[in-house]
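First comes the structure, then the notes that go with it.
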Amino acid sequence: NIIYYIYYKIRAKIKSTAALRNSKKEDCPVMDREFWMGPSFPQQPRELLNRLKSYGVCVVADALKGFNAMNGSIQPVVPGKCICGCAVTVRLHPGDNLLLHKAIESAQPGDILVLDTNSSYRRAVIGGIMSGAAFGKGIGGLVVDGAVRDVEELRAHGWPVFAAAVVPCAADSDGPGQLNHPISCGGVPVHPGDIILADDNGVAVIPPTWVEWVLEGCEKRHQSEARRMAEIRQGQLTSAAVLGKLEKLGL
């Protein structure tokens, strides 16, 4: 009797769990063993993005206290560009770009496509044709922790692409992959909707909840640099703080 009791209790638990999953199915992101497509995210006001862009990556990186700045492997393919927008995150199977096609379809104008290729640098996940589709739609830029190709075409059009490598070989388009799911790019965690700021100095990632704090830090840093430049023009080549440290060391 006790065995039948335990059996029916377990069976009832399995049924109730399945019913709960089915009731919540519409609220879940599209997911199976190989693919994940997360929900969309709130857009940021263009005025706010322009304020961050006006400071540039160096000042923003200082305001971030050194956190959330991508490593030096991510370089501008087209120098002289500065971009700022919300991240559409894409995690790709090594040597494959299927979910990037879906990302281009779903991105909003001004969004930044941020790609995690699982440290794959032997196949270019995007080149001239796909870039034409993406930028023709109005995306704000591409940040690729992986490889791209057709750089002469990217430069001729002035498309703002930042990448870790350039190779001639094309990627497959079979999957699997993940869209709008947390990724790693340039050694930094990136979540869907994070703000991406990139220029010739590098790439910074600003979570939306940090924006006010970062803007406050940017303004302080901007004012500090302005004061320091004024001191240099007046002949004080080294700041008082650094001179004090040197004096303590007897230097």
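Numbering (my numbering), first residue to last: 128 to 378. In this text, a Cβ means the ideal position worked out from N, Cα and C, and glycines have one as well. If you're wondering where the values come from, they're calculated on a predicted model, not measured in any experiment.
Exercise. Evaluate the contact criterion for the region 250-260 versus the region 188-205: three or more CB pairs, one atom per stretch, below 8 angstroms.
Key: no
Quiz item: So the alpha helix (DSSP H) Trp340 belongs to, where does it begin and stop?
Solution: 338-360
Quiz item: Can you tell me where the beta strand (DSSP E) with Met164 in it begins and where it stops?
Solution: 162-164
Self-check item: Same chain only: Cβ atoms within 6 angstroms of Gln305, ignoring 5 sequence neighbours per side
Solution: Trp163, Arg218
Quiz item: Would you report the Cα separation of Ile323 and Gly377, rounded to the nearest angstrom?
Solution: 44 angstroms
Quiz item: With distances taken between CB atoms, is the gap from Val341 to Cys312 smaller than 8 angstroms?
Solution: no
Quiz prompt | Spatial neighbours of Ala260 in its chain, beta-carbon cut-off 7 angstroms, leaving aside the 5 residues before and after | solution = Ile231
Self-check item: Cβ-Cβ separation, Val275 to Val204 (assumed contact under 8 angstroms), whole Å
Solution: 6 angstroms
Exercise. Can you check the region 211-273 for any beta strand (DSSP E) of at least 3 residues that lies completely inside it and give the ranges in chain order?
Key: 239-243, 251-253
Quiz prompt | Residues near Gly371 in its chain [Cβ-Cβ closer than 7 angstroms; skip 5 each side] | solution = none
Self-check item: Closest Cα partner of Gly344 within the set Glu174, Pro172, Gly193
Solution: Gly193
Exercise. Name the one or two DSSP bridge partners that Val184 has.
Key: The partner list for Val184 (beta bridge, DSSP) is empty, contrary to what the question assumes.
Quiz item: Around the Cβ of Val382, are there at least 16 other Cβ atoms within 10 angstroms (buried) or fewer (exposed)?
Solution: Examination of residue 382 is not possible in this model, given that the chain is present from 128 through 378 alone.
Self-check item: CA-to-CA distance, Ala367 to Arg282, given in whole angstroms
Solution: 44 angstroms
Quiz item: So, Ala291 versus Asp321, is the Cβ gap smaller than 8 angstroms?
Solution: no
Self-check item: Cutoff 6 angstroms; reference Asp277; Cβ partners in own chain excluding five residues on either side
Solution: Gly254, Gly255
Quiz item: According to DSSP, what are the bridge partners of Ile323?
Solution: Gly212, Val332
Quiz prompt | Whether Gly267 touches Ile310 by CB criterion (8 angstroms) | solution = no
Quiz item: Using the rule of at least 16 other Cβ atoms within 10 Å of the residue's Cβ for burial, across every protein chain shown, is Gln363 buried or exposed?
Solution: exposed
Quiz item: Is it buried or exposed for Pro295, if we count other Cβ within 10 angstroms and need 16 for buried?
Solution: exposed
Quiz item: Taking the alpha-carbon positions, what's the Gly183 to Leu176 distance?
Solution: 11 angstroms
Exercise. Within 10 angstroms of the Cβ of Ser233, are there 16 or more other Cβ atoms? Answer buried if so, exposed if not.
Key: exposed
Quiz prompt | Whole-number beta carbon distance between Pro221 and Ser247, since they are thought to touch under 8 angstroms | solution = 4 angstroms
Practice problem: Report yes if the C-beta distance between Asn328 and Cys185 is below 8 angstroms; otherwise report no. | Solution: yes
Quiz item: What beta strand (DSSP E) runs, 3 residues minimum, are completely inside the region 268-321?
Solution: 268-275, 288-293, 304-306, 310-312, 315-317
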